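Per the numbering used here, the sequence shown starts with residue 195, numbered consecutively.
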Amino acid sequence: MRDDEPQTDDHLLALVGNGDERALGGLYARYGPVVFVFVLARVSDRGVAEEVSADVWLGCWRSARAFRRDAKVLTWLLGIAKRQISMHTRRKRLPQQPLDDAQVNEVPSEDLGPAELIIAADQTAAVLHALDALPESLAEVVRLAWLHELPYEEITQVLGVPLGTVKSRVSRARRLLREEMRRQDA
195 MRDDEPQTDD HLLALVGNGD ERALGGLYAR YGPVVFVFVL ARVSDRGVAE
245 EVSADVWLGC WRSARAFRRD AKVLTWLLGI AKRQISMHTR RKRLPQQPLD
295 DAQVNEVPSE DLGPAELIIA ADQTAAVLHA LDALPESLAE VVRLAWLHEL
345 PYEEITQVLG VPLGTVKSRV SRARRLLREE MRRQDA
């Protein structure tokens with residue numbers, strides 16, 4: 195892999211399939227934090243999330259040749275993550291609990307001043323609190339759509355549910371979050 199040429203996700207994954215460790219590092223640099231947050235939101239324990247995330251990247255290394263290119267690489271990685279969480283939960287019999295506010299690892303924007311950062315942190319905490327109040331099936335769709343910015347079609351692949359189900363869950367979650375945020379403001 196040459197350092198001076200930009201690599202597409204598909205190209206990096208093809209290189210990983212041919213044993214290129216630097217290409218795996220490139221994918222990890224792009225998606226490591228997203229995969230980790232995805233896992234952490236489901237297992238609620240940083241140590242377990244680190245272990246499961248490592249298993250995801252090992253799975254990526256081992257399965258890269260099997261990637262069919264009918265989905266985006268991120269969708270494929272989150273599918274591996276979901277399977278690894280499930281296997282780890284069965285193995286360890288861990289309860290999947292919602293993430294609490296203290297475990298959220300936010301990266302503040304460099305464009306915001308101290309006052310704006312405090313307001314943004316308060317708003318983020320309020321939304322996360324409201325998100326925790328949602329049923330898990332709704333919260334999971336919201337995390338994928340809003341936090342990970344996946345298109346609905348990719349969410350259907352990650353969760354294995356029809357497109358109409360994804361849309362209705364997002365709509366219902368939006369309504370419930372709006373109601374919860376109004377209650378918090380009152």
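In this text, a Cβ means the ideal position worked out from N, Cα and C, and glycines have one as well.
As the structure is a prediction and not an experimental result, all values here were calculated from the model.
**Item:** Residue environment, leucine 357, which counts as buried when at least 16 other CB atoms sit within 10 Å
**Value:** exposed
**Item:** For glutamate 239, three-class secondary structure by DSSP
**Value:** In the sequence on display, residue 239 carries aspartate and not glutamate. Looking at aspartate 239 - three-state DSSP - the assignment turns out to be coil, as it is neither helix nor strand.
**Check whether valine 246 and histidine 205 have beta carbons under 7 Å apart** = no
**Message:** Can you tell me whether glutamate 355 is helix, strand or coil according to DSSP?
**Reply:** The displayed chain sequence assigns valine, not glutamate, to residue 355. Residue state, collapsed to three classes: coil.
**Exposure label - glycine 220; buried when at least 16 CB within 10 Å** = buried
**Prompt:** Got a sec? Which residues, its chain only, sit under 6 Å from leucine 207 by beta carbon, not counting five neighbours each side?
**Reply:** Ala258, Phe261, Val267
**Prompt:** For glutamate 304, which residues of its own chain have a beta-carbon under 8 Å away from its beta-carbon, when the five flanking residues on both sides are left out?
**Reply:** Here the model assigns glutamate 304 a pLDDT of 49, short of 50, so the residue's position is not dependable and the matter cannot be decided.
**Request:** Have a look at threonine 350 and arginine 240 and give me their C-alpha separation to the nearest angstrom.
**Result:** 27 Å
**Request:** Put histidine 342 into one of helix, strand or coil per three-state DSSP.
**Result:** coil
**Message:** On the criterion of 16 or more Cβ atoms from any shown chain inside 10 Å, does alanine 248 qualify as buried, or is it exposed?
**Reply:** exposed
**Asked** What number of angstroms, rounded off, separates the C-alpha of alanine 275 from the C-alpha of lysine 361?
**Response** 23 Å
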